[in-house]
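**Student:** If you scroll down you'll find the structure; I have some questions about it.
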Amino acid sequence: KSKVRECLTKAPSNLWQSTKGNFNPKKFVLKQWTSPASHLRIKVLQLPPQFEIPNSPGLPALKTNSEDIFAFRSANTGPRNYLSLGLLPMKDNNAIRPTNIVTRPDHEVWEIKDGGSMQAYFQKAYPRFNFGKDGMISNEEWERFSKAEGTRFPYCQYSEGMAVWDESGTCGVALVGDAIHAFPPDIGQGVNAGLMDVVSLDRALKGLDTTTGKEIKKATDGSKKPLQTSLERYQKEHAPETAALIRLARFGAPYQYKQPHRADRILAKLWTANVVFRLLLNKLTFGLVQPQCIIMAGNNDLTFRQVMKRADLTTALFKSVVVSVLGLWLKQRFGLGFFNALV
386 KSKVRECLTK
396 APSNLWQSTK
406 GNFNPKKFVL
416 KQWTSPASHL
426 RIKVLQLPPQ
436 FEIPNSPGLP
446 ALKTNSEDIF
456 AFRSANTGPR
466 NYLSLGLLPM
476 KDNNAIRPTN
486 IVTRPDHEVW
496 EIKDGGSMQA
506 YFQKAYPRFN
516 FGKDGMISNE
526 EWERFSKAEG
536 TRFPYCQYSE
546 GMAVWDESGT
556 CGVALVGDAI
566 HAFPPDIGQG
576 VNAGLMDVVS
586 LDRALKGLDT
596 TTGKEIKKAT
606 DGSKKPLQTS
616 LERYQKEHAP
626 ETAALIRLAR
636 FGAPYQYKQP
646 HRADRILAKL
656 WTANVVFRLL
666 LNKLTFGLVQ
676 PQCIIMAGNN
686 DLTFRQVMKR
696 ADLTTALFKS
706 VVVSVLGLWL
716 KQRFGLGFFN
726 ALV
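Its first residue numbered 386, the sequence shown is counted upward by one per residue in our numbering.
Following this line, the structure appears as structure tokens:
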């Protein structure tokens with residue numbers, strides 16, 4: 386939470402001027418949406434450096450490298466006991482390997498509060514790994530892990546208000562990073578988004594376009610101070626980019642954590658089908674139909690607004706096709722009299 390932003394939400398409405406006249410504290414209240422990844426719980430189990438992965442009988446174990454990515458699925462497959470251990474790459478091959486345990490809040494792992502029981506639970510979930518007594522993980526680490534509460538993924542949220550200034554135009558406040566947006570980490574844009582806020586504010590203060598960084602040749606209002614003009618530009622141009630970022634976070638890749646509830650599994654299959662369908666049409670139409678938004682997010686030449694605009698155009702195309710096909714079917718099935726009755 387941002388202390389500065391929370392202070393602005395409680396400020397009197399006549400304190401400062403905003404981009405559209407009087408300062409509006411409500412602009413700084415976070416707008417929130419729940420994504421399928423919101424409220425997931427996460428905590429970290431520490432594995433030893435270069436740990437070994439058991440192989441098939443008769444074959445030597447596989448020694449891991451820190452730069453490799455791993456995902457280990459448990460033998461358990463139920464809605465409340467399925468586990469997936471995810472390991473991200475690291476540069477230091479001699480460093481401890483942290484593995485993320487991401488689950489729904491009702492998972493059994495959160496009910497275990499002692500190291501011995503946790504050790505036994507993981508040994509049953511991963512029978513091929515040596516998680517037992519004198520195994521690859523120390524008793525102290527099992528004890529620490531069992532008592533760790535971890536944290537929760539946040540809502541997809543952002544503040545419409547990004548800057549305010551006083552009546553003189555020579556003093557103001559600008560918000561960046563987590564002060565104006567937060568979302569689960571599944572789209573991998575958290576650090577990038579915060580840095581882009583800083584870049585956009587820097588460009589605004591230099592009198593440049595916040596998106597392109599190019600010089601603005603438009604005439605400025607001589608009655609406004611340079612700081613006020615810069616903060617107005619930051620608010621006006623960058624706020625829509627943040628709104629698009631949050632929409633990307635809501636629909637980009639919320640099922641990558643293999644949420645095990647039955648509804649999650651069904652919706653994850655539908656999400657995958659949507660990604661595959663859009664990607665296939667993108668290839669067949671030579672780029673006319675755009676791929677799913679999380680794929681376009683990897684294009685450094687596109688802003689978040691451009692990504693979501695292209696995704697929305699594809700969605701609108703799908704809707705129009707469905708409505709047209711449905712209309713033709715109704716016409717053939719019931720004739721023109723049906724439509725006249727509706728009118």
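Note that CB positions come from ideal geometry on N, CA and C, so glycine has one too.
Classify residue 719: buried if its beta carbon has 16 or more other beta carbons within 10 angstroms, exposed otherwise.
**Tutor:** On the sequence shown, position 334 is the one that residue 719 refers to. By the neighbour-count rule (16 or more Cβ atoms within 10 Å), residue 719 is not buried but exposed.
**Student:** Between 420, 414, 665, which has its C-alpha nearest residue 631's C-alpha?
**Tutor:** Here residue 631 refers to the residue found at position 246 when the sequence shown is read from its first residue. If we check each option's Cα against that of residue 631, 420 comes out closest.
**Student:** Would a C-beta distance cut-off of 8 Å place residue 513 and residue 432 closer than the cut-off?
**Tutor:** Here residue 513 refers to the residue found at position 128 of the sequence shown. Here residue 432 refers to the residue found at position 47 of the sequence shown. No, Cβ-Cβ distance for residue 513 and residue 432 is not below 8 Å.
**Student:** With DSSP collapsed to three states, give me the class of residue 631.
**Tutor:** As a working note, residue 631 is residue 246 in the sequence shown. If DSSP states are grouped into helix, strand and coil, residue 631 belongs with the helices.
**Student:** Near residue 578, what residues of its chain come up, given a Cβ to Cβ distance below 6 Å and the 5 sequence neighbours on each side ignored?
**Tutor:** Working through the sequence shown from its first residue, we reach residue 578 at position 193. So the qualifying residues of the chain are 630.
**Student:** Along the chain, where does the alpha helix (DSSP H) containing residue 535 start, and where does it finish?
**Tutor:** On the sequence shown, residue 535 is found 150 positions in, with the first residue counted as 1. Looking at the DSSP string, residue 535 is not in any alpha helix (DSSP H), and its letter there is neither H nor E.
**Student:** Would you please state the rounded distance, in angstroms, between the beta carbons of residue 638 and residue 572? I believe it to be under 8 Å.
**Tutor:** Within the sequence shown, residue 638 is the residue found at index 253, counting from 1. Within the sequence shown, residue 572 is the residue found at index 187, counting from 1. Confirmed, Cβ separation roughly 6 Å.
**Student:** If contact is defined by three or more beta carbon pairs under 8 Å, each pair taking one atom from either stretch, is the stretch 659-672 in contact with the stretch 592-600?
**Tutor:** no
**Student:** According to DSSP, is residue 671 part of a helix, a strand, or is it coil?
**Tutor:** Indexing the sequence shown from 1 puts residue 671 at position 286. DSSP places residue 671 in coil when its eight states are reduced to three.
**Student:** Give a yes or no on whether the C-beta atoms belonging to residue 484 and residue 470 are separated by under 8 Å.
**Tutor:** As a first step, residue 484 must be located in the sequence shown, where it is residue number 99. As a first step, residue 470 must be located in the sequence shown, where it is residue number 85. Cβ distance < 8 Å, so residue 484 and residue 470 count as in contact.
**Student:** How far does the alpha helix (DSSP H) with residue 583 in it reach, from first residue to last?
**Tutor:** The count along the sequence shown starts at 1 and reaches residue 583 at position 198. Boundaries of the alpha helix (DSSP H) harbouring residue 583: 575-590, taken from the DSSP string.
**Student:** Does residue 576 pass the burial test, meaning 16 or more other C-beta atoms within 10 Å, or should it be called exposed?
**Tutor:** For the purposes of this step, residue 576 is taken as the residue at position 191 of the sequence shown. Its Cβ having fewer than 16 others within 10 Å, residue 576 is exposed.
**Student:** Residues bridged to residue 566 by DSSP?
**Tutor:** In the sequence shown, residue 566 corresponds to position 181, counting from 1. Residue 566 pairs with 543.
**Student:** Give the straight-line distance between the Cα atoms of residue 617 and residue 682, rounded to the nearest whole angstrom.
**Tutor:** Within the sequence shown, residue 617 is the residue found at index 232, counting from 1. Within the sequence shown, residue 682 is the residue found at index 297, counting from 1. Looking at the two C-alpha atoms, the distance is approximately 27 Å.
**Student:** Hey, how far is the Cα of residue 717 from the Cα of residue 706?
**Tutor:** By one-based count along the sequence shown, residue 717 stands at place 332. By one-based count along the sequence shown, residue 706 stands at place 321. So the alpha carbons of these two residues sit roughly 17 Å apart.
**Student:** What residue range is occupied by the uninterrupted alpha helix (DSSP H) comprising residue 480?
**Tutor:** Residue 480 sits at position 95 when you count from the first residue of the sequence shown. No alpha helix (DSSP H) contains residue 480, which DSSP labels as neither H nor E.
**Student:** Can residue 538 and residue 424 be called in contact, C-beta distance under 8 Å?
**Tutor:** As a first step, residue 538 must be located in the sequence shown, where it is residue number 153. As a first step, residue 424 must be located in the sequence shown, where it is residue number 39. In contact: residue 538 and residue 424 (Cβ atoms closer than 8 Å).
**Student:** Tell me whether the beta-carbon of residue 410 lies closer than 8 Å to the beta-carbon of residue 422.
**Tutor:** Within the sequence shown, residue 410 is the residue found at index 25, counting from 1. Within the sequence shown, residue 422 is the residue found at index 37, counting from 1. Not in contact: residue 410 and residue 422 (Cβ atoms no closer than 8 Å).
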